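> Let me give you the structure first, and then I'll get to my questions.
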Amino acid sequence: MPKTEYIGLTSDQVENFINDGFVKIENAVTAQLAKQCRDELWADIGLSPDEPEKWIHPVIRVASKASPPFVEAANTPLLHKAYDQLVGDRRWLAPQGLGTFPIRFPSPKSPGDDGWHVDVSFGDDTPDFMEWRVNVKSRGRALLMLFLFSDVGHDDAPTRIRKGSHSTIARELLPYGDAGATLRQLSASSYASTENCEVELAIGAAGTVYLCHPFLVHAAQPHRGERPRFMAQPPLLPKGGFDPALPPSPVQIAIRRACGLMRFSDVPSGPA
2 MPKTEYIGLT
12 SDQVENFIND
22 GFVKIENAVT
32 AQLAKQCRDE
42 LWADIGLSPD
52 EPEKWIHPVI
62 RVASKASPPF
72 VEAANTPLLH
82 KAYDQLVGDR
92 RWLAPQGLGT
102 FPIRFPSPKS
112 PGDDGWHVDV
122 SFGDDTPDFM
132 EWRVNVKSRG
142 RALLMLFLFS
152 DVGHDDAPTR
162 IRKGSHSTIA
172 RELLPYGDAG
182 ATLRQLSASS
192 YASTENCEVE
202 LAIGAAGTVY
212 LCHPFLVHAA
222 QPHRGERPRF
232 MAQPPLLPKG
242 GFDPALPPSP
252 VQIAIRRACG
262 LMRFSDVPSG
272 PA
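Under the working numbering, the letters of the sequence shown match residues 2 to 273, in that order.
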């Protein structure tokens, strides 16, 4: 049987990723596989789609899943092609599972976790989460990914995305050099520098995946719909550190354009 060729992202989609900080891929995971994953998560949290009277919490978290359906969902041929296109040919590690899963339920209560933020990627050996770090080379994270395992509409607590905010964050990280900034430092202004960005909602049918730049500012929100929202928000891990001998990936190009850099060797080694 001939090998199936996956076209992957168009050149316009790659350029939009560089400019906007994310790309939406519909049918990245089949609806059947998404349901398998969703059913397994229902079992894990001890609840049922047929007993809404027991949905008493606005959000329940499952840390990670490494069973076959989740490994398959993270490694579809279409996604592998997109990983290559955005991060660089095989410059990433194939996911061995997915997580975390913030499962959001219809509720009048505040979820308590709906602030704007970027995901930090190293320094997690420090007990204080606010001291975890991110640097301008995005050490430890190649992509932020949002896997929709249920249909997500406007009222179903879709993740809010500040379009183009990754460029602002890249410029703010540049003076910190390789050492990077802590989450506390980045959060000090409550991301006011990105508050004028257009807000996009991560909506779509089950099986949709958003591949996002690691610096994209995003936030949760309360669930005002009727059916729970199932989503995973894992990182795509890089295979290694920055290699100046390789051509820049779209992730790197976005950072360079934002910072006015010709190459990553122009990044200062520490705070200016």
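Ideal placement from N, C-alpha and C gives every residue a C-beta, glycine not left out. Fair warning: this is a prediction, and the values are worked out from it, not measured in the lab.
Following the continuous beta strand (DSSP E) through cysteine 213, name the residue where it begins and the one where it ends.
Where cysteine 213 is concerned, the enclosing beta strand (DSSP E) stretches over 210-213.
> On the criterion of 16 or more Cβ atoms from any shown chain inside 10 Å, does serine 191 qualify as buried, or is it exposed?
Burial call: exposed.
> Any heavy atom of the ligand FAD closer than 6 Å to the Cβ of serine 65?
Looking at this structure, you won't find the ligand FAD or any other ligand, since it has none at all.
> Quick check: the Cα distance between isoleucine 8 and leucine 149, rounded to an integer number of angstroms?
Isoleucine 8 and leucine 149: Cα-Cα distance of roughly 22 Å.
> According to the neighbour-count rule (16 or more other Cβ atoms, all chains shown, within 10 Å of its Cβ), is leucine 42 buried or exposed?
Buried.
> Sort Ala207, Ala171 and Phe231 by Cα distance to serine 49 and report the nearest one.
Nearest of Ala207, Ala171 and Phe231 to serine 49, Cα basis: Phe231.
> Ordered along the chain, which non-local residues of its own chain (more than five positions away) have a Cβ less than 6 Å from that of asparagine 28?
Excluding sequence neighbours, asparagine 28 sits near Gly208.
> Answer yes or no: do serine 194 and threonine 160 have a C-beta to C-beta separation smaller than 7 Å?
No, Cβ-Cβ distance for serine 194 and threonine 160 is not below 7 Å.
> Apart from the five residues on each side of it in sequence, which residues of its chain come closer than 7 Å, Cβ to Cβ, to isoleucine 204?
Cβ within range, chain order: Val153, Gly154, His155 and Pro159.
> Where DSSP assigns a beta bridge to leucine 145, which residues make up the other side?
BP columns for leucine 145 point to Cys213 and Pro236.
> With a CB to CB cut of under 8 Å and the five nearest residues on each side skipped, what residues in its chain are close to serine 111?
Here the set comprises Pro59 and Pro223.
> How long is the line joining the alpha carbons of aspartate 129 and aspartate 13, rounded to whole angstroms?
Each residue's Cα considered, the two are about 41 Å apart.
> Can you name the start and end residues of the beta strand (DSSP E) that glutamate 201 belongs to?
Glutamate 201 -> beta strand (DSSP E) spans 200-202.
> Specify the secondary structure class of leucine 99 as computed by DSSP and reduced to three states.
Correct three-state label for leucine 99: strand.
> Return yes when the Cβ of lysine 164 is within less than 7 Å of the Cβ of glutamate 196, no when it is not.
Contact: no.
> Determine the direct distance from the alpha carbon of histidine 81 to that of serine 65, and round the result to whole angstroms.
Distance between the alpha carbons of serine 65 and histidine 81: 20 Å.
> Determine, using beta carbons only, whether glycine 22 and histidine 167 come nearer to each other than 7 Å.
Closer than 7 Å, so yes.
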